[in-house]
Amino acid sequence: WSPDGKRIAFHSWRGGNMEIYVMDADGDNKQNLTKNASHDENPSWSPDGKRIVFASWRDRNAEIYVMEADGNNPRNLTNHPFKDWDPSWSPDGRRIVFVSDREVDGNPDIFVINANGGNPKNLTNHPEDDLAPAWFGSAFSVAPAGKALTLWGRVKQANRKKP
Numbered sequence: 379w380s381p382d383g384k385r386i387a388f389h390s391w392r393g394g395n396m397e398i399y400v401m402d403a404d405g406d407n408k409q410n411l412t413k414n415a416s417h418d419e420n421p422s423w424s425p426d427g428k429r430i431v432f433a434s435w436r437d438r439n440a441e442i443y444v445m446e447a448d449g450n451n452p453r454n455l456t457n458h459p460f461k462d463w464d465p466s467w468s469p470d471g472r473r474i475v476f477v478s479d480r481e482v483d484g485n486p487d488i489f490v491i492n493a494n495g496g497n498p499k500n501l502t503n504h505p506e507d508d509l510a511p512a513w514f515g516s517a518f519s520v521a522p523a524g525k526a527l528t529l530w531g532r533v534k535q536a537n538r539k540k541p
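Reading the sequence shown from the start, the letters are residues 379 to 541 in the numbering used here.
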């Protein structure tokens, strides 16, 4: 959802290629934003609604890109020889979390970068697969859809001993 709840960003396989689209919340006015020969996927709207971060294969491996919300000025943020995918904005718009297989063990880890692409940091550094990162201001998020509400959320239980 766009931060104002009026638009939805999604990726779709149309015409033999995965592209980033946006549409009105009622399903009208679908627009292809990326129009690129390579696969573009996993869009996430910036909290201010001005940009969309996404994964793209335009450099022959998945990289994290950001573009204006109208599709203009796509820019590579990660530029790394290994795959980076599944980005999500921080609630304050200053950072982006994503999955990457750039570590020696080859298993996906969760990384974070500044919104300009700088200062990459491995947050999980674990020998097993770490996937599907998402920032949540709270456990659930609610988005308006006419007179109804759509509730999205992820629940994770962690049993940890107190130090």
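All C-beta atoms in this analysis are idealised placements derived from N, C-alpha and C, irrespective of residue type, glycine included.
Please state whether DSSP places D329 in a helix, a strand or coil.
Given that the chain is displayed from residue 379 to residue 541, the structure contains no residue 329 and the question cannot be resolved.
Could you tell me whether the Cβ of D406 comes closer than 7 Å to any Cβ of chain B?
Looking at the structure shown, chain B is missing, and only one protein chain is on hand.
How far does the beta strand (DSSP E) with D508 in it extend, from its first residue to its last?
That residue, D508, is in no beta strand (DSSP E); it is neither H nor E in DSSP.
Below 6 Å CB to CB, which residues in the same chain sit around N439 once its five sequence neighbours on both sides are set aside?
K461, listed in sequence order.
Label L501 either buried or exposed according to how many other C-beta atoms from any shown protein chain fall within 10 Å of its C-beta, with 16 as the threshold for buried.
The residue in question, L501, is exposed, as its Cβ has fewer than 16 Cβ neighbours within 10 Å.
Enumerated in chain order, which unbroken segments of the beta strand (DSSP E) with a length of 3 residues or greater are wholly contained in the region 416-463?
The region 416-463 contains these whole beta strand (DSSP E) runs: 418-423, 429-434 and 441-446.
Taking the alpha carbon of A403 as the point to measure from, which residue in I386, S424 and W423 has its own alpha carbon closest?
Taking only the C-alpha atoms, the option nearest A403 is I386.
Which of the three DSSP states, helix, strand or coil, is assigned to E397?
Strand at E397.
Considering only C-alpha positions, which residue in the set N485, I488 and R473 is nearest to G495?
The shortest C-alpha separation from G495 is found at R473.
At what residues does the beta strand (DSSP E) containing W391 begin and finish?
Unbroken beta strand (DSSP E) run through W391: R385 to R392.
According to DSSP, what are the bridge partners of K413?
Per DSSP, none; premise fails for K413.
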